[in-house]
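Before any comments, here is the structure.
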Amino acid sequence: MMDEQKKEEPKPAEAPAGEAKPAAAAPKPPAKPAGPAPEPLENDLVRRLRARFGAAVGEATLDRKQAIVVIGRERLLDACRYLKEEEKFDFLTDLTAVDWLTRSPRFAVILNLYSFPRNERLRLKAPVDDACPSVTSVWGTADWLERECFDMFGIVFEGHPGLKRILLPDEWKGHPLRKDYDILKQDTDWVRENLGIESGQ
Amino acid sequence: MDQPNVTTTVLGADEIILNMGPQHPSTHGVLRVKLKLDGEKVTGSECIIGYLHRGVEKIGENRTYPQFAPYVDRTDYVAAVSNGLGYCEAVEKLLGAEAPPRARWVRTILTELQRIASHLLWLGTHALDIGAITPVFYTFREREEILKIFEKYCGARLTTHAFRIGGLLYETYDGFEEEVKAFCRDFEKKVVEYEELLTENRIWVQRTRNVGILTPQDAIDMGATGPVLRGSGIRWDIRKAFPYAAYDQFQFDIPIGERGDTYDRYLVRMEEMRQSRRIVLQAVESIPEGPILARVGKVIKPPPGEVYHSIEAPKGELGYYIVSDGTTQPYRLRIRPPSFINLEAFDKMVRGHLVADVVAIIGTLDIVLGEVDR
Chain F
307 MMDEQKKEEP KPAEAPAGEA KPAAAAPKPP AKPAGPAPEP LENDLVRRLR ARFGAAVGEA
367 TLDRKQAIVV IGRERLLDAC RYLKEEEKFD FLTDLTAVDW LTRSPRFAVI LNLYSFPRNE
427 RLRLKAPVDD ACPSVTSVWG TADWLERECF DMFGIVFEGH PGLKRILLPD EWKGHPLRKD
487 YDILKQDTDW VRENLGIESG Q
Chain U
1497 MDQPNVTTTV LGADEIILNM GPQHPSTHGV LRVKLKLDGE KVTGSECIIG YLHRGVEKIG
1557 ENRTYPQFAP YVDRTDYVAA VSNGLGYCEA VEKLLGAEAP PRARWVRTIL TELQRIASHL
1617 LWLGTHALDI GAITPVFYTF REREEILKIF EKYCGARLTT HAFRIGGLLY ETYDGFEEEV
1677 KAFCRDFEKK VVEYEELLTE NRIWVQRTRN VGILTPQDAI DMGATGPVLR GSGIRWDIRK
1737 AFPYAAYDQF QFDIPIGERG DTYDRYLVRM EEMRQSRRIV LQAVESIPEG PILARVGKVI
1797 KPPPGEVYHS IEAPKGELGY YIVSDGTTQP YRLRIRPPSF INLEAFDKMV RGHLVADVVA
1857 IIGTLDIVLG EVDR
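So the sequence lines, in the order shown, correspond to chains F and U. According to our numbering, the first sequence is numbered sequentially starting from 307. According to our numbering, the second sequence is numbered sequentially starting from 1497.
Structure, rendered in structure tokens:
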């Protein structure tokens, strides 16, 4: 029963590992996803967003067939309200963040939107330092998601009705998903504090 | 928005705070609920979660892509196969690879069997919570058959790690098709047996009808997915909206409820089990021949970029958002957990009901705390 895998489909043979610049050369053969390199996106929705929010709308890209729009934090709430009410993105699938330690602003808050009428997804990215407007007034889902984001990244969501930790205990120190949060150091700190010895290792 | 903080809300003269959990058998794990009560009536609630938090997302950032695959099995540990499918497909999308047809068929079969197993576990325990002891013996009998198929296929029953990035590691065993078919043949009658115990049972109907109503507007606003969303009357299923694996090849229906109460969600899940059986039967008849693993290379190193991929897990939309910086480890790995977000609607559903209904509402949400807390 063991399959020897004699018949190989036309696949990007060692696309990821092999060549030096895989993003440009290899991804042509695969049938399904578009080239894994992000490409600029210019469609009606993006044009309408640009017309309405002007310079607050940053780069719009299509990465692996997924639409991504960067929005400045100062217009984020307005843009969300507009997208929900007029563009029918009525469902907030997910809200999270990415810590780009060396960039400025440091974090990117990611909102994954979905529209039932259009059956379409849209991803918003808002570069923020450590504060971001809360979108709980637009989508109720955002309540716990923003709390989790605060818990894990320490991003303060301004206007959130009850911003406090959700998964970690209230007395926890630090925000674990930050890139400068060291798992081992945290253990050592705990051992020093509670057992009075230098290291538990 | 009107999330009450019951600890700080001023209590009325007749109001008390009741703690439920984390060691309460009906909270399905370590969920703690603070209830504000006026007599027997719930006037507010607050869920306290995180007792099972293991930092899965942080672990993901410190493992290579294949190394992390077994960890996802331990989020929703009663539907490990579905978690694995979501993760593997997300990484494949990130790579620009696709699993061969045979692998997609086998994945579909195993994932639908897993959906049946997960719904059976839900049905047995939900009924047990409400006071019907019998169904749990019936449902565990059938669930065992499914777990035996998993065990024969990959050696594990619960945390299976059944799939690999790019397809499957194992061929199906001799007699796989026959066993799956035999299970499906018997299962049709079994669902009728469960329905005979509950669907028209007066106590069951009284305990679930009009309990925990979630309107369609609230369901969308609170981000509910899966049977919770469909129970509220919204015909939406990722298997149809964004087909993955081999779902676009098969015929099946999406059941919905009318009122959005606990009874409707019960009916939706019962029908979903029948539809899953339908999918499995179609798939097992038409498994194509061919390779089972695409060539993705030994070292998985996706080009820089990001991807969000979600599947219809038994609990709802299970999504993986992965950011790659071109190395062998994900730069950021986010799991969009259906249980966590469905649980958010709990407060809306529980207000105005009696303490005894709280148990029914926790049961109907079908949460797994491993996934809520991650």
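Note that beta-carbon positions come from the ideal geometry of N, C-alpha and C, so glycine has one too.
Identification of residues in the stretch 1532 to 1562 of chain U having a C-beta nearer than 7 Å to some C-beta of chain F yields 1545, 1546, 1549, 1551, 1553, 1554, given in sequence order. At the C-beta level, residue 1857/U and residue 1836/U stay beyond 8 Å of one another. 8 Å or more divides the Cβ of residue 1758/U from the Cβ of residue 1695/U. Secondary structure at residue 1668/U: coil, using DSSP grouped into helix, strand and coil. Within the same chain, Cβ atoms closer than 8 Å to the Cβ of residue 1680/U are found at 1773, 1776, 1777, 1780, the five residues on either side in sequence being excluded. Residue 422/F sits in coil when the DSSP states are folded into three classes, being neither helix nor strand. Burial check for residue 1834/U: the Cβ neighbour count within 10 Å reaches 16 or more, so the residue is buried. Rounded to the nearest angstrom, the gap between the Cα atoms of residue 1749/U and residue 1743/U is 12 Å. The C-beta distance from residue 1599/U to residue 1734/U rounds to 19 Å, too long to meet the 8 Å contact threshold. Chain F places a beta carbon closer than 8 Å to that of residue 1589/U, counting this residue as a contact.
Using a Cβ-Cβ distance cut-off of 8 Å, the stretch 1812 to 1827 of chain U and the stretch 1543 to 1551 of chain U are not in contact, since fewer than three pairs of beta carbons, one from each stretch, lie closer than that value.
At a C-beta separation below 7 Å, residue 425/F has these neighbours in chain U: 1737. A direct Cα-to-Cα measurement between residue 458/F and residue 1573/U gives close to 23 Å. Three or more Cβ pairs closer than 8 Å define a contact, and the stretch 1586 to 1600 of chain U falls short of that threshold against the stretch 1631 to 1641 of chain U. Secondary structure note for residue 1857/U: its alpha helix (DSSP H) is the uninterrupted segment 1851 to 1861.
By the CB criterion at 8 Å, residue 364/F and residue 374/F fall outside the cutoff.
Collapsing the DSSP output to three states places residue 441/F in coil.
Ranking 1771/U, 1647/U, 1558/U, 1706/U by CA distance to the CA of residue 1760/U puts 1706/U first. DSSP, read as helix, strand or coil, puts residue 1522/U in helix. Rounded to the nearest angstrom, the Cβ distance from residue 1708/U to residue 1529/U is 14 Å, too far for a contact under 8 Å.
Shown in chain order are the members of the stretch 377 to 400 of chain F whose Cβ falls below 8 Å from a Cβ of chain U: 396, 397, 398, 399, 400. One Cα belongs to residue 1862/U, the other to residue 360/F, and the distance between them is close to 44 Å. At a cut-off of 8 Å, the C-beta of residue 402/F has a neighbouring C-beta in chain U. Per DSSP, residue 1754/U lies in no alpha helix (DSSP H) segment and is marked neither H nor E.
The DSSP-derived three-state label of residue 1562/U is helix.
For residue 396/F, the CB contacts under 7 Å within the same chain, skipping 5 residues up- and downstream, are 390, 421, 422 in chain order. Taken through DSSP and simplified to helix, strand or coil, residue 1834/U comes out as helix. For the options 1851/U, 1800/U, 1867/U, the alpha carbon positioned closest to that of residue 343/F is the one of 1800/U. Cα atoms of residue 1663/U and residue 1601/U: separation of roughly 10 Å, rounded to the nearest angstrom. Residues of the stretch 1801 to 1820 of chain U whose Cβ lies closer than 8 Å to any Cβ of chain F, in chain order: 1801, 1802, 1803, 1804, 1806, 1813, 1815, 1817, 1819. Proximity of chain U to residue 461/F at the Cβ level (cut-off 8 Å) is not reached, the minimal Cβ distance being about 14 Å. With the criterion set as a beta carbon lying under 8 Å from some beta carbon of chain F, the stretch 1741 to 1762 of chain U has no members that meet it.
Using a C-beta cut-off of 8 Å, the stretch 409 to 416 of chain F makes no contact with the stretch 349 to 357 of chain F, since fewer than three inter-stretch Cβ pairs fall below that distance. Restricting attention to 414/F, 371/F, 394/F, the CA atom closest to the CA of residue 1716/U is found in 394/F. For the 8 Å CB-CB criterion, residue 1839/U and residue 1868/U form a contact. The beta carbons of residue 368/F and residue 345/F sit about 5 Å from each other, so the pair counts as a contact at 8 Å.
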